[in-house]
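See below for the structure under consideration.
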Amino acid sequence: MQLSNNREKRLFFSPEEYLIADSAYPADFTHNTIVPSYKTSSLGSEKEDFNKCVAHVRVVNEHTIGVLKERWSLLRELRVQIRQNEDMNRVLLWLCACVVLHNMVLLFGDDWPSDGESSGSDSDGESSDSDE
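Sequential numbering from 1 applies to the sequence shown in UniProt numbering.
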């Protein structure tokens with residue numbers, strides 16, 4: 001999604017909200033939307049504190065993405081070239097579905113294993129760890 005002007009930005013962000021990203025995003029996208037870290041080697045304490053806050057948010061974001069990719073392998077293998085809005089919408093629908101399902105698992109306290117784990121049961125629901 002590209003936020004091309006200030007009017008569109010106001011639809012998604014309040015004046016106190018920003019999108020945190022890194023240098024991988026093009027400058028035309030980041031202009032007045034994405035907050036970069038300060039790059040200077042001799043920073044004042046306010047800028048150092050700001051950089052620590054931005055770094056913390058990025059770590060939380062990366063952890064969240066990692067949790068979702070661990071539970072839903074299709075996100076690890078998602079390779080889509082986004083050529084038009086329909087492509088982006090499809091990716092967003094996949095991502096939203098994974099987030100909703102993940103939150104439902106948490107809400108209902110289900111111990112649903114991630115894609116990389118075994119549930120310990122075979123296809124008929126019997127435990128595969130019998131001592132017989």
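Cβ atoms here follow ideal geometry from the backbone N, Cα and C, with glycine treated the same way.
Consult DSSP for residue i and reduce its assignment to one of helix, strand or coil.
i      : result
Ile20  : strand
Trp94  : helix
Arg79  : coil
Gly109 : coil
Ser14  : coil
His56  : helix
Gly66  : helix
Count the other C-beta atoms from every protein chain shown that fall within 10 angstroms of the C-beta of residue i, then say buried if there are 16 or more, exposed otherwise.
i     : result
Phe12 : exposed
Ile65 : exposed
When you compare only the Cα positions, how much space is there between residue i and residue j?
i      : j      : result
Met88  : Ile82  : 6 Å
Ala55  : Asp111 : 31 Å
Arg79  : Val91  : 10 Å
Val105 : Pro15  : 34 Å
His102 : Trp94  : 12 Å
Lys47  : Glu62  : 22 Å
Checklist entry - Between the region 73 to 84 and the region 92 to 108, do at least 3 Cβ pairs fall closer than 8 Å? => result yes
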